[in-house]
Amino acid sequence: MKIEAIFNKIFQTAQHCGYLVYVVGGYVRDLLLHKTGKDIDFVVVGDAMEFADRLKKDLHLRSLVRYPRFGTFMTHYYGYTLEFVHARRESYQRDSRKPVTEQADLYSDLSRRDFTINTLAMDISPQNFGKIIDRYHGQEDLKHKIIRTPLEPSRTFSDDPLRMMRAIRFAATLQFKIDPETFRAIGENHERLKIISQERISDEFNKILMADRPSLGLRMLDETGLLNIFLPEMNVMKGVEQRKKYHHKDVFYHTLEVIDNVAERGAGLNLRLAALFHDIGKPRTKRFDEKAGWTFHGHEVVGERMTGKILHRMKYPAETIHYVQKLVNLHLRPMALVNEQVTDSAIRRLIFSAGDEIDDLMSLCRADITSKDSRKVKKYLGNYDRVVDKIAQVEERDRLRNFQPPVNGNEIMQLFHLKPGPVVGKIKRYIEEAILNGQVANEHDACLQLVLDHKEELLKE
Ligand code: ATP
Ligand code: MG
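Quick look at the structure:
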C-alpha cells in the first residue's frame with residue numbers, strides 16, 4: 058500500500074473521532090532531506106487512547122501496544138512502524154516522576170520538541186496534503202544544516218538532559234553544525250547528563266559511533282564535557298608529552314582517526330568499539346625509557362581489562378564485551394608477524410586465538426596505521442597484506458578458524474577408561490599444542506595415533 062493511502066486512512070479515522078492528526082518529527086525531517094524511512098511519528102490532537110481503539114477497528118490491526126500513562130501507542134502496518142502520541146504541553150517535570158499527559162494543541166506540542174528540525178509537522182488532510190507546518194524555522198535550519206533548540210536551549214536541556222546527546226547525535230549523523238548558543242548551553246548543562254540512565258546514554262552513543270565519521274561526534278562530546286561524564290577514561294588519552302628528543306602521539310586524536318578509518322570501510326558497531334578502546338590502556342602503562350623513549354608495555358592487557366569494566370558499566374551486552382576485549386588484547390599480534398621468517402606455528406596461534414574475529418582484527422590493524430608519511434603507510438599495509446596471505450595459506454591447510462578438537466573428551470575417556478577430570482583436560486591441551494606446533498595434522502586419526510603413542514607419558518600422574 059502506498060504511504061499516501063495509509064495517511065489518508067489515518068486521517069479519516071481521526072475525522073470520525075473529531076480529532077486532528079499530523080505526521081511529525083523524524084519522518085518529516087527525513088522526507089525534506091529526500092530520505093524515506095519506515096518509522097513514522099504522528100501527533101493526535103485529541104484522546105490518543107480512544108483514537109487507538111478506533112484505528113484498530115478501521116485498519117483491522119492485529120496488534121497495537123498502548124502506553125496509557127504516556128498517552129502513546131504503537132502499531133505496525135504494511136511494513137511501517139507507526140507511533141502516535143497525543144499533543145501535549147509539557148512532558149518533563151523536574152521534581153516529579155508523574156508523567157504529564159495534559160492535552161494541548163499542535164503548536165504547544167511542537168514547542169516542547171528537541172530541535173527545530175524535529176518540530177516540523179505535515180498536514181495529511183486531503184485538502185492540504187503534504188503542507189509543512191513550520192513554527193520554528195525548521196526548514197531554514199535544515200537548509201543551513203543547523204541543530205538548534207526551538208526554545209531557550211538551557212531550559213530545553215535542563216528539562217531533558219538526554220537531548221544534549223541527541224543534539225550531537227543528529228549533528229554527527231547528518232553532518233550538521235550545532236548552533237553556537239545551543240552548543241554553549243550543552244557545555245553549561247553537561248553535568249545534568251548524570252540523571253539519565255546509562256542505557257539511554259549508550260543508545261545515543263551507539264548512534265554517534267555509527268555515523269559516517271564518528272570523530273565528528275566524539276569531538277563534540279569531548280568539547281562539551283559530556284564524554285567525561287560517561288567515559289572519563291578517554292579524557293586522559295589526550296595530550297602529547299615530550300622528553301629529550303622523544304614525543305609520543307596524542308592517543309586521543311589517534312583513536313579518533315582509527316575509528317574513522319574502520320567506519321570508512323563500513324565497520325559494524327562492535328568493530329568501531331574495538332577501535333575506540335584499542336589503546337585505552339596506554340595512559341596507565343606509559344613509561345619513559347632513557348634509551349627507547351616512550352613505551353606502553355602491556356597496554357593491550359591493561360586495555361582488555363579496562364574495556365571489560367567500562368563496557369560493563371555502559372551496559373553493553375556480554376557478546377559485545379567479549380568481542381571488544383578480544384580485539385583489544387590481540388591488536389598488536391599481527392604486527393609481530395610481519396617478519397619474512399615468521400613460522401607457521403606463530404600464524405596458527407594467532408588464528409587459534411582470534412577465531413572468527415581474525416578478519417576484523419586485520420581490519421583494525423590496518424586502520425591503526427595513521428602515519429602521515431605515505432611511504433610508511435604503504436610499507437605497513439604491504440606487511441599486513443603478507444600476513445593476510447600467510448593466514449590464508451595456513452588456514453587452507455589446517456582449518457583452524459573454528460577449532461574443534463579432532464579427538465574429543467568423550468573419546469579420550471573411553472580410550473583410557475578415565476572419569477571426567479584434570480587428566481582429560483591435560484590430554485586435550487596436549488593435542489592442541491601438538492597441532493599448533495605443527496607436530497601433527499588437525500585430523501582425527503593422526504591425533505588419535507599421537508595420544509596412543511604417548512599414552513604412558515600422558516597417563517603418568
Ligand atoms: P530517528 O528516528 O532517526 O532516531 P527521530 O527524530 O524520529 O529520529 P525519535 O526518537 O524517533 O527521533 O523521536 C521522534 C520525535 O519525537 C523527534 O523528531 C522529536 O520531535 C521528538 N522527540 C524525541 N525525543 C525527544 C526528547 N528527548 N525531547 C524532545 N523531543 C523529543
Ligand atoms: Mg523516529
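Under this note's numbering, think of the first position of the sequence shown as 58, with each following residue one higher.
Cβ atoms here follow ideal geometry from the backbone N, Cα and C, with glycine treated the same way.
**Prompt:** In chain order, what residues have a CB nearer than 5 angstroms to some heavy atom of the ligand MG?
**Reply:** Gly-83 and Asp-96
**Prompt:** How would you label Gln-382, buried or exposed, when you count the other beta carbons within 10 angstroms and need 16 or more for buried?
**Reply:** Here residue 382 is taken as the residue at index 325 of the sequence shown, counted from 1. Buried, since its Cβ has 16 or more Cβ neighbours within 10 Å.
**Item:** Same chain only: Cβ atoms within 6 angstroms of Lys-447, ignoring 5 sequence neighbours per side
**Value:** Here residue 447 refers to the residue found at position 390 when the sequence shown is read from its first residue. Taken in chain order, the residues that qualify are Ile-404.
**Message:** I'd like to confirm something about Gly-128: is its beta-carbon nearer than 8 angstroms to some heavy atom of the ligand ATP, or not?
**Reply:** The residue given as residue 128 occupies position 71 in the sequence shown. No, the Cβ of Gly-128 stays beyond 8 angstroms of every heavy atom of the ligand ATP.
**Asked** From Thr-132, Ile-258, Ile-243 and Ile-252, pick the residue whose C-alpha is nearest to that of Ala-109; which is it?
**Response** Residue mapping note: residue 109 aligns to position 52 of the sequence shown, counting from 1. Answer by Cα proximity: Thr-132.
**Asked** Where DSSP assigns a beta bridge to Ile-203, which residues make up the other side?
**Response** Counting from one through the sequence shown, the residue named residue 203 turns up at place 146. For Ile-203, which the question treats as bridged, DSSP gives the partners Lys-234.
**Asked** With distances taken between CB atoms, is the gap from Phe-262 to Ala-242 smaller than 9 angstroms?
**Response** Against the sequence shown, residue 262 aligns to sequence position 205. Against the sequence shown, residue 242 aligns to sequence position 185. Contact: no.
**Message:** Taking 8 angstroms as the limit between beta carbons, can you name the residues of its chain near Val-445, skipping five residues before and five after?
**Reply:** Here residue 445 refers to the residue found at position 388 of the sequence shown. So the list reads Met-419, once near-sequence residues are dropped.
**Asked** Under 8 angstroms from any heavy atom of the ligand ATP, does the C-beta of Leu-525 make it?
**Response** For residue 525 there is no data in the structure shown, the boundaries of the chain being 58 and 518.
**Request:** Name, in chain order, the residues that DSSP records as bridge partners for Gln-299.
**Result:** Here residue 299 refers to the residue found at position 242 of the sequence shown. DSSP output for Gln-299 lists His-304 as bridge partner(s).
**Buried/exposed call for Ala-375, threshold 16 Cβ in 10 Å** = For the purposes of this step, residue 375 is identified with residue 318 of the sequence shown, where counting begins at 1. Label assigned to Ala-375: exposed.
**Message:** Please report the straight-line C-alpha distance between Val-142 and Arg-123, rounded to a whole angstrom.
**Reply:** Walking along the sequence shown from the start, residue 142 turns up at place 85. Walking along the sequence shown from the start, residue 123 turns up at place 66. Whole-angstrom Cα-Cα distance: 10 angstroms.
**Message:** Quick check: does the Cβ of Asp-115 come within less than 8 angstroms of any heavy atom belonging to the ligand ATP?
**Reply:** As a working note, residue 115 is residue 58 in the sequence shown. Checking the Cβ of Asp-115 against the ligand ATP gives no.
**Prompt:** Nearest to Ser-120 by CA position, among Arg-126, Phe-127 and Leu-112, is which residue?
**Reply:** Taking the sequence shown and counting its residues from 1, one reaches residue 120 at position 63. When each option's Cα is compared against that of Ser-120, the closest is Leu-112.
**Prompt:** The beta strand (DSSP E) spanning Arg-344 covers which residue range?
**Reply:** Within the sequence shown, numbered from 1, the residue matching residue 344 stands at position 287. Residues 344-346.
**Message:** Below 8 angstroms, is the gap between the Cβ of Thr-176 and the nearest heavy atom of the ligand ATP?
**Reply:** Your numbering for residue 176 matches position 119 in the sequence shown. Yes - the ligand ATP has a heavy atom lying nearer than 8 angstroms to the Cβ of Thr-176.
**Prompt:** For the alpha helix (DSSP H) that contains Glu-480, what are its first and last residues?
**Reply:** Here residue 480 refers to the residue found at position 423 when the sequence shown is read from its first residue. One detail in the question is off: residue 480 reads as Val in this sequence, not Glu. 479-494 is the span of the alpha helix (DSSP H), which, as asked, contains Val-480.
**Request:** Just the C-alpha distance for Glu-61 and Tyr-134, rounded to the nearest angstrom, thanks.
**Result:** By 1-based counting over the sequence shown, the position of residue 61 is 4. By 1-based counting over the sequence shown, the position of residue 134 is 77. Going by the C-alpha atoms only, they are around 13 angstroms apart.
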